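> A single structure is presented below for examination.
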Amino acid sequence: MYNPVSTYRIQFNKEFTFTHLDALIPYLQKLGIQTIYASPIFAAVPESVHGYDGVNPNRINPEIGTEEQLRTISQRLQQAGMGWVQDIVPNHMAYHINNEWLTDMLEKGNLSRYASFFDTSLASSFFHGRIVAPVLPEPLDEALAKGDLTLVFEEGRFMIKTGENLFPLKAGSYATVLQATTDVLNDAIRQLLDQLDQVHRLDEPEAYALAWDEFRNQLLALTKNAMISEYVQNCIKAVNTDLTRLQQLASEQHYRFCDEPETRQAINYRRFFAVNSLICLNINDETVFQHVHSLTKSLVNDGVFQGLRVDHIDGLFDPERYVDRLRKLVGDDTYIVVEKILQADEDLPASWPVEGTTGYDFLAMVNNLLTDGRSEHLFRDFYTKLIDSDTSLPDRIRGRKAYFLAQFMGGEQANLHQYFLDLNLAEDDQLTELSVGELKVAIGELLVECPVYRYYGNQFPLPDNEAKIIRKLLETIRKANPNLATAVDVLEDALIRKPPVADEAYNSRALRFYQRLMQFSGPLMAKGVEDTLLYTYNCFIGHNEVGDSPERFGLSVDDFHKVMQTRQQHWPLAQNTTATHDTKRGEDARARLNVLTDLADEWLTEVQHWQQLNGTLKRNDTPDPNDEYFIYQNLIGTYPMSGESKQDEDDFDPRFQQYLEKALQEAKRHTTGWTVDDSYHENVQVFTAQLLDKKGPFWERFQAFHRAVADFGVVNSLVQVLLKFTCPGVPDVYQGGEGWDFSLVDPDNRRPVDFNKRTEWLADEVNWADLWQHRFDGRIKGRLTRALLRERQQNQALFAEGQYIPLTVEGEFRDYVMAFARQHDSMCYVVIVPLHTAQLCRQQNKNVLALDWQDTRVVLPASAPTSWTSLLLGTSGDNTSSLPVQKFLTHLPLDLLRLG
Numbered sequence: 000m001y002n003p004v005s006t007y008r009i010q011f012n013k014e015f016t017f018t019h020l021d022a023l024i025p026y027l028q029k030l031g032i033q034t035i036y037a038s039p040i041f042a043a044v045p046e047s048v049h050g051y052d053g054v055n056p057n058r059i060n061p062e063i064g065t066e067e068q069l070r071t072i073s074q075r076l077q078q079a080g081m082g083w084v085q086d087i088v089p090n091h092m093a094y095h096i097n098n099e100w101l102t103d104m105l106e107k108g109n110l111s112r113y114a115s116f117f118d119t120s121l122a123s124s125f126f127h128g129r130i131v132a133p134v135l136p137e138p139l140d141e142a143l144a145k146g147d148l149t150l151v152f153e154e155g156r157f158m159i160k161t162g163e164n165l166f167p168l169k170a171g172s173y174a175t176v177l178q179a180t181t182d183v184l185n186d187a188i189r190q191l192l193d194q195l196d197q198v199h200r201l202d203e204p205e206a207y208a209l210a211w212d213e214f215r216n217q218l219l220a221l222t223k224n225a226m227i228s229e230y231v232q233n234c235i236k237a238v239n240t241d242l243t244r245l246q247q248l249a250s251e252q253h254y255r256f257c258d259e260p261e262t263r264q265a266i267n268y269r270r271f272f273a274v275n276s277l278i279c280l281n282i283n284d285e286t287v288f289q290h291v292h293s294l295t296k297s298l299v300n301d302g303v304f305q306g307l308r309v310d311h312i313d314g315l316f317d318p319e320r321y322v323d324r325l326r327k328l329v330g331d332d333t334y335i336v337v338e339k340i341l342q343a344d345e346d347l348p349a350s351w352p353v354e355g356t357t358g359y360d361f362l363a364m365v366n367n368l369l370t371d372g373r374s375e376h377l378f379r380d381f382y383t384k385l386i387d388s389d390t391s392l393p394d395r396i397r398g399r400k401a402y403f404l405a406q407f408m409g410g411e412q413a414n415l416h417q418y419f420l421d422l423n424l425a426e427d428d429q430l431t432e433l434s435v436g437e438l439k440v441a442i443g444e445l446l447v448e449c450p451v452y453r454y455y456g457n458q459f460p461l462p463d464n465e466a467k468i469i470r471k472l473l474e475t476i477r478k479a480n481p482n483l484a485t486a487v488d489v490l491e492d493a494l495i496r497k498p499p500v501a502d503e504a505y506n507s508r509a510l511r512f513y514q515r516l517m518q519f520s521g522p523l524m525a526k527g528v529e530d531t532l533l534y535t536y537n538c539f540i541g542h543n544e545v546g547d548s549p550e551r552f553g554l555s556v557d558d559f560h561k562v563m564q565t566r567q568q569h570w571p572l573a574q575n576t577t578a579t580h581d582t583k584r585g586e587d588a589r590a591r592l593n594v595l596t597d598l599a600d601e602w603l604t605e606v607q608h609w610q611q612l613n614g615t616l617k618r619n620d621t622p623d624p625n626d627e628y629f630i631y632q633n634l635i636g637t638y639p640m641s642g643e644s645k646q647d648e649d650d651f652d653p654r655f656q657q658y659l660e661k662a663l664q665e666a667k668r669h670t671t672g673w674t675v676d677d678s679y680h681e682n683v684q685v686f687t688a689q690l691l692d693k694k695g696p697f698w699e700r701f702q703a704f705h706r707a708v709a710d711f712g713v714v715n716s717l718v719q720v721l722l723k724f725t726c727p728g729v730p731d732v733y734q735g736g737e738g739w740d741f742s743l744v745d746p747d748n749r750r751p752v753d754f755n756k757r758t759e760w761l762a763d764e765v766n767w768a769d770l771w772q773h774r775f776d777g778r779i780k781g782r783l784t785r786a787l788l789r790e791r792q793q794n795q796a797l798f799a800e801g802q803y804i805p806l807t808v809e810g811e812f813r814d815y816v817m818a819f820a821r822q823h824d825s826m827c828y829v830v831i832v833p834l835h836t837a838q839l840c841r842q843q844n845k846n847v848l849a850l851d852w853q854d855t856r857v858v859l860p861a862s863a864p865t866s867w868t869s870l871l872l873g874t875s876g877d878n879t880s881s882l883p884v885q886k887f888l889t890h891l892p893l894d895l896l897r898l899g
């Protein structure tokens, strides 16, 4: 099994290509990175900024580079002792004309070789009718009247163009177009129509494809002739100037043009979440699976890729079957992790042949460890009064999920209801007892009530533990909605009661419905919670994060130790991430925000002062208290420190305003129907601009508080780095994250990284004392990262296989220190980190390096060696049965020791 040791995430796009990576290899090698962790590199829509909108997984994105370049870089990396983990996207592709498989399907319908490739009515009885083309700004008749649809001829194809979108005309419509003009048919066109007639007589996809390509090539060749070209253009003009004819042409395609409101209720292809421009693959089909992974398999077999990261595993029909097949495809030596958002107390299925998750669960654990849970009641009480609402957080979560389902996924809900009926999972007499739509509502309630992204049962009857969970969810719905009791009974009967006594045919049908149901619970979590609630419930935004939850508020040291011991036992090679392309804010912004929980009284009092001070800046009482509090928290978390570059400070205001605009849009609180309240958004921008006025009354007060919080935030950030590199798992550095990361949500977190500055850091041999003195400039984080990468490189077995041993802390300030050991054979490392230092510094009125730790000490196991060496400072000494904290936290606010 390939051990990545450490990974460095690279976000490829046309602004950062293979050429840029090639130039960066010496820097990454010197930094100590062992493995490149690459965003999707396969062909995507033009100017894709992230690569998740792919159009061909068997071709390298030409905006990034070529396959030859990739193979050359792979050789250079391997010569440097480095590997490559590749992000793959088996769930979806772009709904785009450049997606040749989709274009072929739209053109040929069920005669396409790719008819089964996408999750549509051509591949599954779950969907019905012609595939929706969700691109119109208004209903079809209005779009036609306004001239928004036109027939065009491009690259040998007749296509319907609307806006920037192109849709291929079906083969059966070509005869209609080529006879649309009153011009006399010449022999070439007449022969072409005869050839077309022969094409339509074929009913075998491969033969049809060959004949159709020959026809199109012939048509394209003929249009080189000026007379034929004029004839074709006259045909196009005849169609475009005849509204009835154009409407008929648009209405007879294998697809159906829709605007956004209609799409949401009539969607008949599976989307990534509710994104119309991303159409899901039918990856459960073996032929599709093999075809999609063809180039990936080749690059794994040839040693270009040593590992794979699977995007959005929860979107797949049968995730377990998928990872089983992927493991067989790429072999036992290939490293595989899956992007899986685990909720509290949820585990990755132990039966999956993967190394673990991409690390959002680790992010959440560290984030909660750095949160002082004792402050929770202060934050909750303050927030309840602030927004003048006592609606519980669980009710808010259900409410946002229900809202998203009703507003954006009504079509999916209707499809599930119809599928249940089509599969005959209920008796006729059961259904006659239901009012119209009652069962559909109950199905929606089950999706909303699901507390995790999905469950994974892939056989019926369901495993006992999963059946109990579903039964409990149904009972919760029944109690909350007595009017749905009969419909809930129908669902429980179909999914829980019948299967143990039903025949194989029934259970096969029930399983198909259940697995389909589970494909749509995840989008509600992602869009209803991650992309909506996390912008509306602002009690403490430090936990409004992917993988974390606003329901959480702190984690005890004992619980953290237990989680890490389990992680070492079951998932020692899972990724340890603290920032990704999807996180809501940078890792160091979260670390700084956690300081607010250490200074809860001080912070909440300060907020009230700010509210009073800034009340006169509001227009029409805008922003409301909820959004105002959101702004203050984000300012504290992300505003640059005094030692960061002047460019960071100069760029902040427009970046922050852009972020707030996106946050307000995601929150959907100031939206009516499909219309955004522009005046509210404008007033928020004006208010924020006045806050950011350096000459305004708010700024001086804000700066004073920000400086204090930022200093303690640095300590939290360094603790976070040390934990990421020494806890069980593979540490991942998001591009540029070896320096300070106070970024906001995308696209802000994809800004260019200043690698020149980071390269200079490598040549900087300034001692730790000077680095601490100038800690705001980021070099100290870079040095710590480099030092820890070196330790990971030199002691791979220790970090991959070594035990995680919680160490007891005793003494006066034991609640402010955490320690653990990593031990493998005779080698033993000890990690010592402080917690909630802001509180202790306030109590003693001292800075963190001057704290008096008194008798606080770390107790070592009886078998521990009797000498130690600080791997950061280079100091050494002897110990008895314990390590006095005072000795180790006076030069840096943390330490990593090697015993013996």
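Heads up, the sequence shown is in numbering that gives the first Met the number 0, so the first residue is 0 and it goes up one at a time. No residue lacks a Cβ here, since even glycine has one placed at the ideal position from N, Cα and C. Every value quoted in this text rests on a predicted model; they were computed, and no experiment measured them.
#1: Helix or strand or just coil, what does DSSP make of serine 742?
#2: Please report the distance separating the alpha-carbon of arginine 373 from that of glutamine 853.
#3: What do you reckon, are the CB atoms on valine 720 and threonine 784 nearer than 9 angstroms?
#4: Of all the options Ala818, Gly735, Ala796, which has the alpha carbon lying nearest to the alpha carbon of proline 3?
#5: Name the DSSP bridge partner or partners of alanine 479?
#6: Rounded to a whole number of angstroms, what is the C-alpha to C-alpha distance between histidine 19 and isoleucine 9?
#7: Using 9 angstroms as the threshold, is the C-beta distance between glutamate 62 and asparagine 97 below it?
#8: Within the same chain, show all residues whose beta-carbon is closer than 6 angstroms to that of asparagine 613, passing over the 5 residues directly before and after it, in chain order.
#9: By DSSP's criteria, aspartate 587 is part of a beta bridge. Which residues make up the other side?
#10: Helix, strand or coil for leucine 341 per DSSP?
#11: Provide the residue span of the beta strand (DSSP E) that contains glycine 53, from first to last.
#12: Report the partner residues of isoleucine 159 according to the DSSP bridge assignment.
#13: Our contact map puts glycine 899 next to proline 860 with C-beta atoms below 8 angstroms; I'd like the distance itself, whole angstroms only.
#14: By the 10 Å Cβ neighbour count, where 16 or more other Cβ atoms means buried, how is methionine 0 classified, buried or exposed?
#15: In its own chain, which residues sit with a C-beta less than 6 angstroms from the C-beta of glutamine 459, not counting the 5 before and 5 after it?
#16: Looking at the unbroken beta strand (DSSP E) that takes in proline 133, where does it start and where does it end?
#17: Just reading off the beta strand (DSSP E) that asparagine 275 is part of, what are its end residues?
#18: Which same chain residues end up closer than 8 angstroms to glutamine 217 when comparing Cβ atoms and leaving out the 5 residues on each side of it in sequence?
#19: Can you find a CB in chain C that lies within less than 9 angstroms of the CB of threonine 475?
#20: Quick one: Cα of threonine 807 to Cα of lysine 561, how far?
#21: Going by DSSP in three states, isoleucine 9 sits in which element: helix, strand or coil?
#22: How many Å lie between isoleucine 468 and aspartate 650 at the Cα?
#23: Can you have a look at glycine 810 and say buried or exposed, based on whether 16 or more other CB atoms are within 10 angstroms of its CB?
#24: Which residue from Phe271, Ser276, Gly302 puts its Cα closest to that of leucine 69?
#25: Please report the distance separating the alpha-carbon of arginine 749 from that of lysine 471.
#26: Around the Cβ of glutamate 345, are there at least 16 other Cβ atoms within 10 angstroms (buried) or fewer (exposed)?
#27: Look up proline 902 in the DSSP assignment and say whether it is helix, strand or coil.
#28: Excluding the 5 residues preceding and the 5 following aspartate 284 in the sequence, name in chain order all residues of the same chain whose CB lies nearer than 6 angstroms to its CB.
#29: Spell out a yes or no on whether the stretch 814-832 and the stretch 573-586 are touching, meaning 3 or more CB-CB pairs, one atom from each, closer than 8 angstroms.
#30: If you measure between the beta carbons of lysine 400 and valine 528, is that distance less than 9 angstroms?
#31: Could you say which of Val675, Pro746, Lys723 lies nearest to phenylalanine 655 if we only look at CA atoms?
#32: Does the stretch 479-489 come into contact with the stretch 421-438, if we say contact requires no fewer than three beta-carbon pairs (one atom in each stretch) closer than 8 angstroms?
#33: Identify every run of the beta strand (DSSP E) within the stretch 795-835, keeping only runs that are complete inside it and at least 3 residues long; order them along the chain.
#34: Give the DSSP-derived three-state secondary structure of serine 908 in the structure shown.
#35: Could you give the distance in angstroms between the alpha-carbon of leucine 148 and the alpha-carbon of asparagine 164?
#36: Which residue's Cα is closest to the Cα of histidine 680: Arg618, Leu691, Ile235?
With the structure as the only source:
#1: coil
#2: 23 angstroms
#3: yes
#4: Ala796
#5: Alanine 479 is not bridged to any residue.
#6: 10 angstroms
#7: no
#8: Phe697
#9: DSSP output for aspartate 587 lists no bridge partner at all.
#10: coil
#11: 53-59
#12: Leu150, Phe166
#13: The pair is not a contact, with the Cβ atoms about 12 angstroms apart (cut-off 8 angstroms).
#14: exposed
#15: In the sequence as presented, glutamine is not what sits at residue 459; that position holds phenylalanine. Correct list, in chain order: Pro498, Asn506, Ala509, Leu510.
#16: 130-135
#17: 274-279
#18: Leu191, Gln194
#19: Protein chains in the displayed structure number just one, and chain C is not present.
#20: 13 angstroms
#21: strand
#22: 49 angstroms
#23: buried
#24: Gly302
#25: 42 angstroms
#26: exposed
#27: Residue 902 lies beyond the residue range present for the chain, which begins at 0 and ends at 899; the question has no answer from this structure.
#28: Ser115
#29: no
#30: yes
#31: Pro746
#32: yes
#33: 802-806, 816-823, 826-833
#34: Since the first residue of the chain shown is 0 and the last is 899, residue 908 is not available in this structure.
#35: 10 angstroms
#36: Arg618
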